[in-house]
Amino acid sequence: MKIDKNQLLRFTTAGSVDDGKSTLIGRLLYDSKSIFEDQLAAVKNSSKQKGIEGVDLAMFTDGLKDEREQGITIDVAYRYFTTPKRKFIIADTPGHIQYTRNMVTGASTANAAVVLIDARHGVIEQTKRHTFIASLLNIPHIIVCVNKMDLVSYSEETFNSIVEQFEEFSSKLLIKDVRYIPISALNGDNVVNRSENMTWFQGSPMLHELETLHISSDINKIDARFPVQTVLRPQREGFEDYRGYAGRIASGIYRVNDEVAVLPSGFTSKIKTINVGETEVEEAFAPMSIAMTLEDDIDISRGDMIVKKNNQPELSQEFDVMLCWLNNAPVKSRTKYTIMHTSNEQKAVIKEVVYKMDVDTFKRNEEDKDLTMNDIARVRLKTSHRLMLDSYRDNRSTGSIILVDESTKETVAAGMII
């Protein structure tokens with residue numbers, strides 16, 4: 001299977017405090033030679049000042065000064081690196097329970113999640129929480145790295161026991177693809193290079209797994225969804241009658257002459273032309289940015305959606321979402337928020353909190369309806385106008401929403417449509 005070397009893979013890292021996430025990412029960057037000389041020199045100098053011999057790998061990700069001084073990572077740190085086989089963006093998210101919102105933010109666009117487990121402690125509550133959130137966010141691939149294998153004498157029995165523990169609870173979740181790797185981030189075993197200390201492990205090192213993950217089929221190619229971001233009316237010679245609709249295809253494939261419907265109006269037409277930049281093409285697919293023209297002159301504006309005539313999303317003003325509350329201030333009843341869904345913005349209210357999730361036990365709490373920061377709950381929303389909705393399980397692009405406080409303009413919640 002050939003991997004496009006220009007294909008971008010986004011992955012998030014998750015684990016409990018001191019599981020070694022920062023060290024793992026540092027090792028990944030260091031061993032794959034993805035660190036600039038000046039960065040390396042700065043970290044070597046900082047390591048020396050801390051009395052550490054060699055290089056403190058965690059410092060490559062702990063970029064903020066106060067984080068370094070406290071020895072913890074408290075926000076989502078995004079890191080970009082590339083290998084000859086693929087480009088990557090890492091979202092390094094904190095492990096503390098009070099930063100659940102950070103993990104949701106970092107994982108929302110991820111193709112894969114790397115879940116770290118300390119070989120000495122096995123599966124703990126935070127492992128379950130992070131895996132539950134990864135499942136909730138419909139992350140297609142999970143790589144479970146059992147770290148600090150050097151501290152358990154590289155024991156195959158210990159590794160197999162942790163794999164069994166993980167499978168026991170993860171089998172209850174909707175996870176498509178799980179892989180297990182025994183590693184030592186500190187010593188570099190099975191991170192970039194194959195471990196000589198664990199010859200019993202027949203799988204690939206972590207970087208090889210990331211480089212060869214097949215992610216092209218993760219995009220929904222069946223349900224064609226094209227949210228219109230802007231209408232193009234160039235006022236120049238040769239384009240007097242041009243009316244194009246520009247945006248990024250959220251899912252599916254569009255071809256010239258396809259019969260389409262424009263929502264929410266319901267008017268139908270055929271695709272006349274598709275342009276990618278200055279180039280006219282016969283077909284385009286997610287996640288390409290395009291401009292299309294239609295055979296008929298239809299009133300279309302930002303927030304409308306062009307879909308296939310025979311495959312349409314649900315049109316509704318009232319629907320349920322799994323909501324993660326991101327704001328310091330709790331939810332206020334009857335407060336109006338701005339809901340942002342693809343390129344569409346409407347007014348919305350939280351009509352009802354159906355239940356809250358206990359992300360440690362996966363149990364539903366139907367008694368406590370108060371939402372505070374980091375809470376995850378099923379809520380019923382009502383919007384001022386109909387939205388074009390798909391379930392998040394079917395389509396991550398058209399199945400996600402955010403809520404914005406009208407007065408402060410702060411993003412207060414992120415949601416997955418059920």
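Numbering of the sequence shown is given in full-length UniProt numbering, commencing with residue 1 and proceeding in unit increments.
Ideal Cβ positions, reconstructed from N, Cα and C, are used throughout, including at glycine.
Since the structure is predicted, the reported quantities are computational estimates derived from the model, not experimental observations.
Paired residues, beta bridge with residue i - DSSP
{"i": "T342", "result": "Answer is none; T342 lacks a bridge partner."}
{"i": "I350", "result": "L381"}
{"i": "P205", "result": "Paired residues: none, contrary to the question."}
{"i": "A414", "result": "C324 and I402"}
{"i": "R364", "result": "M357"}
{"i": "F132", "result": "Paired residues: none, contrary to the question."}
{"i": "A261", "result": "T268 and V307"}
{"i": "I376", "result": "C324 and M357"}
{"i": "N193", "result": "D189"}
Exposure of residue i, with buried meaning 16 or more beta-carbon neighbours within 10 Å
{"i": "H130", "result": "buried"}
{"i": "G277", "result": "exposed"}
{"i": "K50", "result": "exposed"}
{"i": "S153", "result": "exposed"}
{"i": "K172", "result": "exposed"}
Reduced DSSP secondary structure (H/G/I, E/B, other) of residue i
{"i": "R393", "result": "coil"}
{"i": "S251", "result": "strand"}
{"i": "G266", "result": "coil"}
{"i": "S217", "result": "helix"}
{"i": "F285", "result": "strand"}
{"i": "E164", "result": "helix"}
{"i": "Q126", "result": "helix"}
{"i": "L294", "result": "strand"}
{"i": "N102", "result": "helix"}
{"i": "T158", "result": "helix"}
{"i": "L8", "result": "strand"}
{"i": "A246", "result": "strand"}
{"i": "L28", "result": "helix"}
6 Å CB neighbourhood of residue i in its chain, flanking five on each side removed
{"i": "V178", "result": "I142"}
{"i": "F267", "result": "I298"}
Residue i vs residue j beta-carbon contact at 8 Å
{"i": "R101", "j": "L315", "result": "no"}
{"i": "S251", "j": "D218", "result": "no"}
{"i": "G418", "j": "M322", "result": "Going by the sequence as given, residue 418 is Ile instead of Gly. Yes, the pair counts as a contact, with Cβ atoms nearer than the cut-off."}
{"i": "V228", "j": "D296", "result": "no"}
{"i": "I175", "j": "E209", "result": "no"}
{"i": "V260", "j": "I306", "result": "yes"}
{"i": "I249", "j": "K221", "result": "no"}
{"i": "K336", "j": "K347", "result": "yes"}
Close-in-space but distant-in-sequence residues of the same chain around residue i (CB under 8 Å, 5 per side omitted)
{"i": "S32", "result": "F81, T83, V192 and L207"}
{"i": "A107", "result": "T12, A14, A91, T93, A113, I133, A134, L137 and I139"}
Contacting residues, own chain, Cβ-Cβ under 7 Å from residue i (five flanking each side not counted)
{"i": "D368", "result": "K356"}
{"i": "Q165", "result": "G122 and V123"}
Check: residue i C-beta below 7 Å from any heavy atom of the ligand GDP
{"i": "D358", "result": "As presented, the structure is devoid of all ligands, the ligand GDP included, so that no description of it is given."}
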